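What follows is one structure encoded as structure tokens, with my remarks underneath.
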Amino acid sequence: MGRIRKNIEVSGKNYWTLFDSGARNTYVIKEVAKELPIFDMPKITSVAIGGKDHIIDKDCRLVCIIIKDDKVVGDLDSYTIFTHARILNDIGSDEDGRNIEILFGALAMQEWGIKLDVPGEKLDMTHYSNEFVEFIEI
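Count along the sequence shown from 1, then add 72; that gives the number in my numbering.
Below, the structure written as structure tokens:
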């Protein structure tokens with residue numbers, strides 16, 4: 073498991089994001105979600121994050137941009153990502169006490185080819201998927 077912290081852009085605004093390979097799903101706080109299409113969950117679920125239990129009744133379509141800087145390894149200047157995210161009132165704080173606004177989970181990282189360079193504290197975007205090819209037998 074690994075964790076990297078970085079701002080990412082959603083609807084032109086920066087949000088403090090924890091990329092956490094130990095979290096399966098992706099979560100956003102309500103402030104982030106108000107910029108995005110929101111949907112009712114087909115079934116209300118619960119999750120324990122940061123030592124708290126949360127009830128989840130809505131999710132959203134997260135569209136974000138990871139801007140290349142000293143915390144990002146890759147060939148492009150920016151990386152557009154879209155995935156679904158569950159909406160929470162509060163995710164919690166990081167080790168420095170800063171409020172986490174987006175928790176980016178392992179499923180979305182796998183889908184988009186995002187790897188964590190934990191010793192270097194960087195996102196490795198060298199496997200970023202900008203084309204998806206599905207193979208099926210006909």
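For every residue, glycine included, the Cβ atom is placed at its ideal position computed from N, Cα and C. Note that the structure is predicted; figures quoted are calculated from it, not measured.
Residue state for Lys115 is assigned as strand, using DSSP reduced to three classes.
DSSP places Lys194 inside the beta strand (DSSP E), whose first and last residues are Lys194 to Asp196. Sorting Arg170, Tyr151 and Gly177 by C-alpha distance to the C-alpha of Thr198 places Tyr151 at the top. Judged by their CB atoms, Ile172 and Leu90 are nearer to each other than the 8 Å cut-off. Secondary structure remark: continuous alpha helix (DSSP H) runs of at least 4 residues inside the region 158 to 184, in chain order: 178 to 184.
Between Ala178 and Ser93, the C-beta gap is smaller than 8 Å, which places the two residues in contact. Taking 4 residues as the shortest admissible run, the region 77 to 133 contains the following complete alpha helix (DSSP H) segments, listed from N- to C-terminal end: 102 to 105. Around the beta carbon of Phe154, a 10 Å sphere encloses fewer than 16 other beta carbons of the protein chains shown; the residue is thus reported as exposed. The region 140 to 147 and the region 100 to 107 do not touch, with fewer than 3 CB-CB distances between them shorter than 8 Å.
In the DSSP assignment, Lys140 is bridged to no other residue. For a cut-off of 8 Å, the C-beta gap from Ile128 to Ile116 is around 7 Å, short enough to register as a contact.
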